[in-house]
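Inspection log for the structure reproduced underneath, given as structure tokens.
Residue numbers (this note's numbering): 1 to 161.
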């Protein structure tokens with residue numbers, strides 16, 4: 001999960017339902033961006049995420065650069081947490097990258113890398129029977145101000161099927 005996605009699910013108070021049902025991994029740069037920089041700036045989300053990492057609810061993983069991956073990162077002009085999320089995905093056996101940054105999602109999609117968004121994770125949990133339709137709708141409402149109107153409407157439509 002990249003910084004953008006983790007911050008949004010934390011701000012919307014839907015992080016707990018996600019990390020309770022899905023194994024979440026963040027690379028060290030995402031941890032630094034959210035926890036270290038967040039604490040300096042006084043963001044309360046930083047403490048929440050740090051606590052989740054300490055308790056093992058979110059797995060913080062050190063990344064190791066390799067020549068091929070670094071070449072791709074450079075050519076795509078990836079920086080920070082997005083670069084490290086890509087790096088982590090390439091070095092492990094992960095199902096997908098979770099982000100809410102459309103530019104980043106378009107890039108990784110063009111490379112054939114599977115991805116999810118925070119709202120698609122909520123819909124997945126509903127379809128998997130982990131959360132009820134009513135709770136899913138409530139979680140989507142909490143996300144509403146943090147996501148695009150298009151993503152919100154598509155998610156609500158999918159929930160209505």
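For glycine and all other residues, C-beta sits at the position ideal for the given N, C-alpha and C.
Top-ranked residue by Cα proximity to residue i, from the options
i           : options              : result
residue 98  : 136, 23 and 51       : 23
residue 20  : 150, 130 and 156     : 130
residue 57  : 79, 30, 16 and 91    : 16
residue 59  : 88, 149, 146 and 137 : 88
residue 148 : 117, 112, 128 and 65 : 117
residue 62  : 143, 73, 127 and 86  : 86
residue 27  : 55, 94, 8 and 72     : 94
residue 134 : 102, 145 and 156     : 156
residue 9   : 143, 151 and 38      : 143
Which residues DSSP lists as bridging residue i, in chain order
i           : result
residue 115 : 97
residue 27  : 61
Exposed unless 16 or more other CB atoms sit within 10 angstroms - verdict on residue i
i           : result
residue 123 : buried
residue 41  : exposed
residue 2   : buried
residue 65  : exposed
residue 47  : exposed
residue 4   : buried
residue 44  : exposed
residue 141 : exposed
residue 160 : exposed
residue 68  : exposed
residue 162 : Limits of the chain in this structure are 1 at one end and 161 at the other, which puts residue 162 out of reach.
residue 100 : buried
Helix, strand or coil at residue i [DSSP, three-state]
i           : result
residue 22  : coil
residue 34  : helix
residue 15  : helix
residue 130 : coil
residue 139 : helix
residue 2   : coil
residue 159 : helix
residue 92  : coil
residue 39  : helix
residue 55  : coil
residue 148 : coil
residue 78  : coil
Closer than 7 Å to chain D by CB, residue i
i          : result
residue 99 : Absent here is chain D; the protein component of the structure consists of one chain.
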